Structure formats: C-alpha cells, structure tokens
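Undergrad: What follows is a single structure, and I will ask about it in a moment.
Protein chains: 2
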Amino acid sequence: MAKVVGLAKKVKKIGEDDPRRVVHSFKVGLALSLVSLYYYISPLFNSFGTSAIWAVLTVVVVMEYTAGGTLSKGLNRTFATLLAGALGVGAHQIAILSGEKGEPFLLGVFVFLLAAAATFSRFIPEIKASYDYGVTIFILTFSLVAVSSDRTVDAYELLQLAYQRFSTIAIGVAVCLLTSTFICPVWAGEDLHKLVASNLEKLASFLEGLGEEYFGEKVGGETMESKCFLRAYNSVLNSKSNMESLANLARWEPRHGHFGFLHPWKQYLKVGALSRQCAYSMEALMSHITSNERTQVCAKMKPEIRKMITSTCKEMSIECSKALKDLAATIRTMTTPAVCRHNIAIAAATTKLKVLLSEESIPSKMLETAIMASLLSQVVQCIPQIAASVEELAQLAKFKECKTLHKATVKPSTEEESPGVVINVME
Amino acid sequence: MAKVVGLAKKVKKIGEDDPRRVVHSFKVGLALSLVSLYYYISPLFNSFGTSAIWAVLTVVVVMEYTAGGTLSKGLNRTFATLLAGALGVGAHQIAILSGEKGEPFLLGVFVFLLAAAATFSRFIPEIKASYDYGVTIFILTFSLVAVSSDRTVDAYELLQLAYQRFSTIAIGVAVCLLTSTFICPVWAGEDLHKLVASNLEKLASFLEGLGEEYFGEKVGGETMESKCFLRAYNSVLNSKSNMESLANLARWEPRHGHFGFLHPWKQYLKVGALSRQCAYSMEALMSHITSNERTQVCAKMKPEIRKMITSTCKEMSIECSKALKDLAATIRTMTTPAVCRHNIAIAAATTKLKVLLSEESIPSKMLETAIMASLLSQVVQCIPQIAASVEELAQLAKFKECKTLHKATVKPSTEEESPGVVINVME
Numbered sequence: 250m251a252k253v254v255g256l257a258k259k260v261k262k263i264g265e266d267d268p269r270r271v272v273h274s275f276k277v278g279l280a281l282s283l284v285s286l287y288y289y290i291s292p293l294f295n296s297f298g299t300s301a302i303w304a305v306l307t308v309v310v311v312m313e314y315t316a317g318g319t320l321s322k323g324l325n326r327t328f329a330t331l332l333a334g335a336l337g338v339g340a341h342q343i344a345i346l347s348g349e350k351g352e353p354f355l356l357g358v359f360v361f362l363l364a365a366a367a368t369f370s371r372f373i374p375e376i377k378a379s380y381d382y383g384v385t386i387f388i389l390t391f392s393l394v395a396v397s398s399d400r401t402v403d404a405y406e407l408l409q410l411a412y413q414r415f416s417t418i419a420i421g422v423a424v425c426l427l428t429s430t431f432i433c434p435v436w437a438g439e440d441l442h443k444l445v446a447s448n449l450e451k452l453a454s455f456l457e458g459l460g461e462e463y464f465g466e467k468v469g470g471e472t473m474e475s476k477c478f479l480r481a482y483n484s485v486l487n488s489k490s491n492m493e494s495l496a497n498l499a500r501w502e503p504r505h506g507h508f509g510f511l512h513p514w515k516q517y518l519k520v521g522a523l524s525r526q527c528a529y530s531m532e533a534l535m536s537h538i539t540s541n542e543r544t545q546v547c548a549k550m551k552p553e554i555r556k557m558i559t560s561t562c563k564e565m566s567i568e569c570s571k572a573l574k575d576l577a578a579t580i581r582t583m584t585t586p587a588v589c590r591h592n593i594a595i596a597a598a599t600t601k602l603k604v605l606l607s608e609e610s611i612p613s614k615m616l617e618t619a620i621m622a623s624l625l626s627q628v629v630q631c632i633p634q635i636a637a638s639v640e641e642l643a644q645l646a647k648f649k650e651c652k653t654l655h656k657a658t659v660k661p662s663t664e665e666e667s668p669g670v671v672i673n674v675m676e
Numbered sequence: 250m251a252k253v254v255g256l257a258k259k260v261k262k263i264g265e266d267d268p269r270r271v272v273h274s275f276k277v278g279l280a281l282s283l284v285s286l287y288y289y290i291s292p293l294f295n296s297f298g299t300s301a302i303w304a305v306l307t308v309v310v311v312m313e314y315t316a317g318g319t320l321s322k323g324l325n326r327t328f329a330t331l332l333a334g335a336l337g338v339g340a341h342q343i344a345i346l347s348g349e350k351g352e353p354f355l356l357g358v359f360v361f362l363l364a365a366a367a368t369f370s371r372f373i374p375e376i377k378a379s380y381d382y383g384v385t386i387f388i389l390t391f392s393l394v395a396v397s398s399d400r401t402v403d404a405y406e407l408l409q410l411a412y413q414r415f416s417t418i419a420i421g422v423a424v425c426l427l428t429s430t431f432i433c434p435v436w437a438g439e440d441l442h443k444l445v446a447s448n449l450e451k452l453a454s455f456l457e458g459l460g461e462e463y464f465g466e467k468v469g470g471e472t473m474e475s476k477c478f479l480r481a482y483n484s485v486l487n488s489k490s491n492m493e494s495l496a497n498l499a500r501w502e503p504r505h506g507h508f509g510f511l512h513p514w515k516q517y518l519k520v521g522a523l524s525r526q527c528a529y530s531m532e533a534l535m536s537h538i539t540s541n542e543r544t545q546v547c548a549k550m551k552p553e554i555r556k557m558i559t560s561t562c563k564e565m566s567i568e569c570s571k572a573l574k575d576l577a578a579t580i581r582t583m584t585t586p587a588v589c590r591h592n593i594a595i596a597a598a599t600t601k602l603k604v605l606l607s608e609e610s611i612p613s614k615m616l617e618t619a620i621m622a623s624l625l626s627q628v629v630q631c632i633p634q635i636a637a638s639v640e641e642l643a644q645l646a647k648f649k650e651c652k653t654l655h656k657a658t659v660k661p662s663t664e665e666e667s668p669g670v671v672i673n674v675m676e
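Protein sequences appear in the order of chains A and B.
For the numbering used here, add 249 to where a residue sits in the first sequence, where the first one is 1.
For the numbering used here, add 249 to where a residue sits in the second sequence, where the first one is 1.
In structure tokens:
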C-alpha cells in the first residue's frame, strides 16, 4: 500500500515537474485515435485494406517528445522506405533474370550484404547521430520487399502493395507531424536554448552563494557541506550527452519563435562545453572548501589580512556571478550583450588579489586561504571565455541590439582603458 | 574524390578500432537471412502465411550490438506483445457488449486512454531505463489488436491470427538471441568491466606522466600543453552516460565468463563515479599547470626547497599511479586486492609535503608551487576512496583470492602501524 502511494506521488511529481509531459501523453493518444479512424471509416478502409495497420505502426514508432525528434524520425522513415522500396524492387528484377532456382538464393545474398553494410554504417558517428533510425527502416523495408516479392508473382499487385504501404506510412507521418508541431509543440531547440542559459545561472548561483555565505559576514556555526548552493553547479558537470542529443534534434526543426532553420546550434554546444569547464574548476574549489573546513584556517590569521583577502574574494565571486547572470539573460532575451560591465570589476579584483598574495612572504597558516583564492581565480578565468563564446553566439544567431538603458554601474566605463586606476578606486 | 578516400579511411578506422563491429554487421545479415528462410521453405510459409513478415521485422528491430541489448529488447517485445494482445482481445470483448454503434467508439476511447497512460509511464526513470521498448510495443500491439479486431468478425480467426503473429515474433526473437549470444557475443557487462578498469589506467597514466615528465628531471624546452599525458584522463570526465547504459544492459545478460547473473553492476557505477571525481581534480591541476607555465616559478626558487617539494610530488604521483594500476589490474584479473602496498608510501609522502609546506613562512614566489602541490594532494585524496570502492566490488563480486607472489616492495609492510616512522625512512 505504501508502495502504491509512493508511486502515485512520484508520478504526480513527474507530471508537475514538466506539465508538457502530460500534454505529450495525450497527444500520442490523440494521434493514435486519429489514425485508427481509417479502420472505422469504411470507404477509407476499403481503399487501403490491411495496409492501414502500417499507419498505426508508424504513429506509435515515430511520435517523439520533441518536434525535432518526430520530424527526424518521420523524414527518416519516409525517405528510407522510398529508397529501400525502389532498391528492393530493383533487386527483385535482377534476381528474376537468374531463373526460378537462382532467384531466392540471389535475393538472400542481396539481403545479407545490404543488411551487413547498412548495419556497419550505423557505427559511423555522423550517420549514428542523424540517420540511425533511417538505416534501420532501410534494412527493414529492403528485406520485406526483397523477401516477400518472391511470393507475389504479379508485378501490378506488387506495385499496388508498395503504393498502399507507402501512402499509409506517409499518412502516419503526417498525423504525427501535425500533432507534434501544432498542438503545444515541444521544441528541442528551445529546450537547448533554455538549458544553456539555466546552466549559466546555476554557475552564477554557486558563485553568489560563495560570495555571500562563505566569504560574507554570515560565516557561522553551520557546516559548509550542508549549504545547498555548493551543489548548484552539479547537474552542469554531466550535461554533455543531453545537450548533444538536443542539438542533434534541433537541427531538424523548422523556423519557430526566434529560431530560424539555420540557427547556430553548434555554438550552444561550445558555450555548454565552457560552462562544464567552469563547473570542473568549481568542483575543485568546492572539494578544497569542504575538505579543509575543519582546520578553519581563516580564524587563525591576522584579522586585517584575512579581511582583505576574503573581501576581495567576495567581490570577485559576486561580480562573476553578476556577469554570468547577465550572460544568461543575454541568451534568454536574445539581445546582444552590452560590453560586459563586470569585466572591469573582475579584472580589478583579480589584480588586487595577486598583489595581496605577492607580499614578500606569506605566513604558512595562510596557505590554505591562498590556495582557495587561487582556485577561485581559476574559476574566474573561465568567465571571459564564456563571455566570448556567448558574444559569438549573439553574432551568429543575430541577437537583436540591446536598446534598454544600462543599469547604473559603480565605475565609469571611461576607465576601461586604464585598469590600473580602477584598483585605486576600489581601495 | 578526396572525400571518398577520406570516407573509406574513416570506415576502415572504425572497423579496425573494434573488429567486433564488422562481426556484428555480418551477424545481422546472417540473422536476417536465417529468418527469411521462412519465405523460401514452402511448408513453413504455408503454415504461417504473410505473418512471416513479423519475423523479419522483429529481427531488424530487436538485433542490437550487445547481447544484453538484444536480450532486453527481445524479452520486452515478447512479453509486451503477449500482455497487450490479451488486453486487446479483452477490450474487444467488452466493446462488443455496447452494440454495433458503440463498439468502435468504446475501442477508440480505450486506445486513447491506454496510449496516453503508457506514454506517460515512459517518463518514469525506472521504466525508461529498462522497459522503454516494451512500452512502445505494448501500445503498438494493443492498438493493432483493438483496432483491427473490429474488422475481423470471427473469433476463431482472430485467435489464429494472434497465435501466428506471436509465434513469428517469438521465432524472430529466438533467432536474434541465438545469433547474438552464440556467435562472437559482445557482452555489455564485459565492456563495462573493461571500461572501469581502463578508466583507472587512464588516471594512472596521467599521474605517471606528471611524475616523470613534469616533476622529473626531464622538464625541458617543450611546453607542457603539448604533452599528451595531460589529456589522458579526458575521456573519463564524460563517461557517465555510457557507463549507465552499459550497466542497464548488463543486468539482462545471463551468466558468461566470470560474470554471474547477479553480478554487482551497480558497484561499477560507484567506482566509475569516484574515478570521475578524481578526473575533475586532475582537470583543476592540469589547468593550473598550463596557465601558470609561463611564469616558471619553480626556476626562481631556492634550489633545495624546490628540489624537496618536487621530489615529494614526484614520489606521490608515481606511487598513486602504481596504486591505480594495481586497482585496475585487480579488476581486470578479478583477484582480491592485496592490502594496498602503495598506501603507506602515499601517506608518507603526503605527510612530508604537509611538513614542507608548514614551514613558518613561505616565500611568496613559491606560492604557485605550493598551490600545485596542494592540488596534487586533492587528486591523491581520491585514491583511497577509489581503492575502498574497488575492495567493495571485489567482495560483492567474490573475486578470487590472490595467491600470486607479492612483487618486492621498497618498504616493509610491518611499518604500517607507525606511519610516523616511515617519514624518517624516506628522508
């Protein structure tokens, strides 16, 4: 009984996490009901006969969660069926020439060789990524046509069968495409777009938490391990395969919303890869923080040095967090990024930290803090790269010019050329 | 022309990288040829009729690269067909009760609801992992039976059709299983086993390269970035999804080689997760090394301190590399690990490094080196965890006792209880 309640709660949560899943389930039901109308409407049934089961089969197999997935599978299925059907009929004509005894043998050889070659082609990464399903359907259709043509003597009958089957498959694909692109469509491209932005936001919230809770005044009794911001970047670490499959599907999608047919999906993968890189550095910083927590080295240091280092670190984290949030907003709103107004502050804080750490000699009790600061700089080093890749994305995807007012910045932007001065301003 | 040559080279490389791919392609061809014999042997064809196409269809769709994949798909297909067929016939019987006009309507409602519910169930992670294909086939078969039963009036005819279809599917599945488990089988479990071991070896070769080329005497004119050992651990970073899918398939595989039916595949995922953790720390160390290379801080240090730190780091890296290699060998040979003989040396070197770094004050020019040493310690911290998880694996999987002679070790193992002494020995 408890298990049933647990399952019900789980199911409810899955639906609540993303209500599009519920919608998708009903869409599949709808598409299937639509396609089974063929059976119930007598004139249609009479013209297609039992081939109508191919329409049902197609709907079940082709209908995917994202519009790109459905389109990719639908087109793969349609073209693979056409190509393999034509090749199958051709193979049948060649086999006939070899006489009644040789025919099945020759057909068997054809099927064997084609199936082996096509199966091998699925190991080629480019084919695997975009045409895997097409190759399966190619093997399937070729085998079916080549094998069953042996039993269907009449050429006219064969052609009619081929026509019926192809048109039912086309109808199935059409029903799927209509349902998945017109009724609450789930675009893989949009999901990828949002995923990249939300990954940047996750990195930002780690840095924000670090700045405010770890370096900030709030450092208190709780252990660091219990803070949830420390795990914010966690899902970024393993985002690679999900992003790649979304990018693969997005390429199939037609123009929708702000995304054209040739939207630079590959650039999203670049931004994603750099975000992962940044998350790796965060992981190193995080494990340093949690493993050195008990020693509480900070507390033993001379107060003024401690204060200077932590306040610089705090500034760095918070400015970086803001920069990442801006970049995420750039992606979300699809506006060209304003010249990153946090860059100056970040560069200044980094320089200041270097100056602080290059004092003639460092008390060894401060080493842990110095290491932590250095790990933080490594995280910070990733930000300009991410910013550059987002700018490239903005260019490639022709984000619209940002016309909104700049928010007030602490430092006048004319000082951009003389970063040395900025340090003085900040001290 | 150049493109064709390029493609040919690529195809050749894919085949050479893993010759099992070529074998698999021919196995698919063979299975298809075997199953199409139904068409050519008249008595068989006469008893099954056109239902024989379902055997061909099954082979094309069920045959997977790994034995576990084929088994999982085959069993999913068989049981889903049985269950959905029975439910479909039941639904038909209920629908009949509602009269000739109500029947198609009621059947449509059934199809709609069942398809929606089953589609939704695919979002539950446990079902997605193991029964995704089964759910698809369930929807497919239920729809086909429910929809087409409306046109097949005769109950006897319906039963015969169901029997024919089920038996052809079972034959297709049987052909697939026989080909994929008896002819050069590719076991997902074995692949997972080897992948986990080779990941540990990759981590080991990074540390070995670090010890010998970076800390060793060979530090010379070449830039660090060009060294290939620095990228050895790279494929470990993104190994998660591949490992999880292999572990999912491995669970379906019957006893083979040293792997029983209930082999602890989940423990491999744990070892894999810890290896990834270690690779993240390596990434942090690596980016520190490459980004601070130009400053060449080492060169400016007082020679004796520099020598002491680098030689300790060298020792740590090399001992850790040996420990990882031993763990990989433990997995490969499936023998219980001897009490890790490198643990002592690693612990000693770590302590020594701590002593070196806790001198009263550190010249700030040494800071980069200190940070690097500390990053290395973070990598080293992962090793005991990996060792523990491998030991747990050895216990769970009942690895055989190691009876081989221990290789000569530098330090006598009696010193294990007094690690303090070891430091003296090493100095």
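The beta-carbon is built from N, C-alpha and C at its ideal position, and this holds for glycine as well.
Computed from a predicted structure; not experimentally measured.
Where B:Q409 and B:T315 are concerned, what is the direct C-alpha to C-alpha distance, given to the nearest angstrom?
TA: Near 34 Å, if we compare the C-alpha coordinates of B:T315 and B:Q409.
Undergrad: Near B:G264, what residues of its chain come up, given a Cβ to Cβ distance below 7 Å and the 5 sequence neighbours on each side ignored?
TA: Answer for B:G264: R270, V271, listed in chain order.
Undergrad: At a CB-CB cut-off below 7 Å, which residues of chain B make contact with A:S566?
TA: Near A:S566 there are no residues of chain B at all, since even the closest Cβ is about 17 Å away, more than 7 Å.
Undergrad: Taking DSSP as the reference, what is the three-state secondary structure of B:K649?
TA: Residue state, collapsed to three classes: strand.
Undergrad: Between B:A304 and B:I420, is the Cβ-Cβ spacing less than 8 Å?
TA: Yes, they are a contact pair.
Undergrad: Taking the alpha-carbon of A:A577 as reference, which of A:L498, A:E568, A:A636, A:M557 has the nearest alpha-carbon?
TA: Residue A:A636 is the option with its Cα nearest to A:A577.
Undergrad: Can you tell me whether A:R326 is buried or exposed, with buried defined as 16 or more other CB within 10 angstroms of its CB?
TA: With 16 or more other Cβ atoms within 10 Å, it is buried.
Undergrad: With a threshold of 8 Å between beta-carbons, can A:G339 be considered close to chain B, or not?
TA: Judged by the 8 Å Cβ criterion, A:G339 is not in contact with chain B.
Undergrad: Does B:T561 have its Cβ less than 8 Å from a Cβ in chain A?
TA: For B:T561, the answer is no, since every Cβ of chain A falls outside 8 Å of its Cβ.
Undergrad: Return the chain-ordered list of same chain residues with a C-beta closer than 7 Å to the C-beta of A:K489, the five sequence neighbours on each side being excluded.
TA: Around A:K489: R525.
Undergrad: Using a Cβ cut-off of 8 Å (strictly closer), state whether A:Q630 contacts chain B.
TA: For A:Q630, the answer is yes, since a Cβ of chain B falls inside 8 Å of its Cβ.
Undergrad: For A:F431, which residues does DSSP report across the bridge?
TA: Paired residues: none, contrary to the question.
Undergrad: I want to see whether chain B comes within less than 8 Å of A:H537, judged by CB atoms only; does it?
TA: So, interface residue.
Undergrad: Closest to B:K350 by CA distance: which of A:T368, A:Y289, A:G348 is it?
TA: Checked all of A:T368, A:Y289, A:G348; the closest Cα to B:K350 is A:Y289.
Undergrad: Could you check the C-alpha separation between B:L523 and B:S638 for me, to the nearest Å?
TA: In a straight line, the C-alpha of B:L523 is about 8 Å away from that of B:S638.
Undergrad: Taking Cβ-Cβ distances shorter than 9 Å, what residues in chain B pair up with A:I388?
TA: Ordered by position in chain B, the residues that pass the 9 Å Cβ test against A:I388 are V277, L281, V309.
Undergrad: Decide if the stretch 452-461 of chain A is in contact with the stretch 513-521 of chain A; the criterion is three or more beta carbon pairs, one per stretch, under 8 Å apart.
TA: They do not touch, by the three-pair rule.
Undergrad: Using DSSP with H/G/I as helix, E/B as strand and the rest coil, what is B:H505?
TA: B:H505: strand per DSSP, three-state reduction.
Undergrad: Hey, would you say A:A643 sits closer than 8 Å to A:T585, going by beta carbons?
TA: Cβ atoms of A:A643 and A:T585: closer than 8 Å.
Undergrad: I'd like to know whether the C-beta of B:F369 is nearer than 8 Å to at least one C-beta of chain A.
TA: Interface residue, yes.
Undergrad: Mind checking if A:T315 is an interface residue toward chain B, Cβ cutoff 8 Å exclusive?
TA: Chain B, which has no Cβ nearer than 8 Å to the Cβ of A:T315, makes this no.
Undergrad: Note the first and the last residue of the continuous alpha helix (DSSP H) segment covering B:S454.
TA: That run of the alpha helix (DSSP H) goes 437-458.
Undergrad: Can you tell me the Cβ-Cβ gap for B:S370 and B:V384, rounded? I've got them flagged as a contact below 8 Å.
TA: The Cβ separation is near 6 Å, so the contact holds.
Undergrad: With A:M250 as the anchor, note down where its alpha helix (DSSP H) starts and where it stops.
TA: Premise fails: A:M250 is in no alpha helix (DSSP H) and is neither H nor E.
Undergrad: I want to see whether chain A comes within less than 8 Å of B:F648, judged by CB atoms only; does it?
TA: It does not: the Cβ of B:F648 has no partner Cβ on chain A nearer than 8 Å.
Undergrad: Measure the CB-CB distance between B:I632 and B:L573 and report whether it falls below 8 Å.
TA: Yes, the Cβ-Cβ distance between B:I632 and B:L573 is below 8 Å.
Undergrad: Note down, in chain order, every chain A residue with its Cβ under 7 Å from the Cβ of B:I302.
TA: Going along chain A in sequence order, the residues near B:I302 (Cβ under 7 Å) are L393, S397.
Undergrad: Is it true that the CB of A:V310 sits closer than 8 Å to the CB of A:V422?
TA: Cβ distance not < 8 Å, so A:V422 and A:V310 don't count as in contact.
Undergrad: Could you list which residues in chain A have their beta carbon closer than 7 Å to that of B:N487, in chain order?
TA: Ordered by position in chain A, the residues that pass the 7 Å Cβ test against B:N487 are K489.
Undergrad: Would a check of beta-carbon distances place A:V305 closer than 8 Å to chain B?
TA: True, the Cβ-Cβ gap to chain B drops below 8 Å.
Undergrad: Verify whether the separation of the beta carbon atoms of B:A329 and B:T390 is less than 8 Å.
TA: Yes. Within cutoff.
Undergrad: List, in order along the chain, the chain A residues whose C-beta lies closer than 9 Å to that of B:G421?
TA: By Cβ distance, chain A contributes nothing, its closest Cβ being about 12 Å from B:G421, past 9 Å.
Undergrad: In chain order, what residues of the same chain have a beta carbon less than 6 Å from the beta carbon of A:G501, not counting five sequence neighbours either side?
TA: According to the sequence displayed, residue 501 of chain A carries Trp and not Gly. Correct list, in chain order: G317, L320, S321.
Undergrad: I need the DSSP call for A:T584, collapsed to helix, strand or coil.
TA: Strand.
Undergrad: So with Cβ pairs under 8 Å, would you call A:E585 a contact of chain B?
TA: Residue 585 of chain A is actually Thr in this sequence, not Glu. Chain B contact via Cβ: absent.
Undergrad: Between B:A335 and B:A395, which are expected to be in contact by the criterion C-beta below 8 Å, what is the C-beta distance as a whole number of angstroms?
TA: In fact, because the Cβ distance is near 12 Å, the residues do not count as touching under 8 Å.
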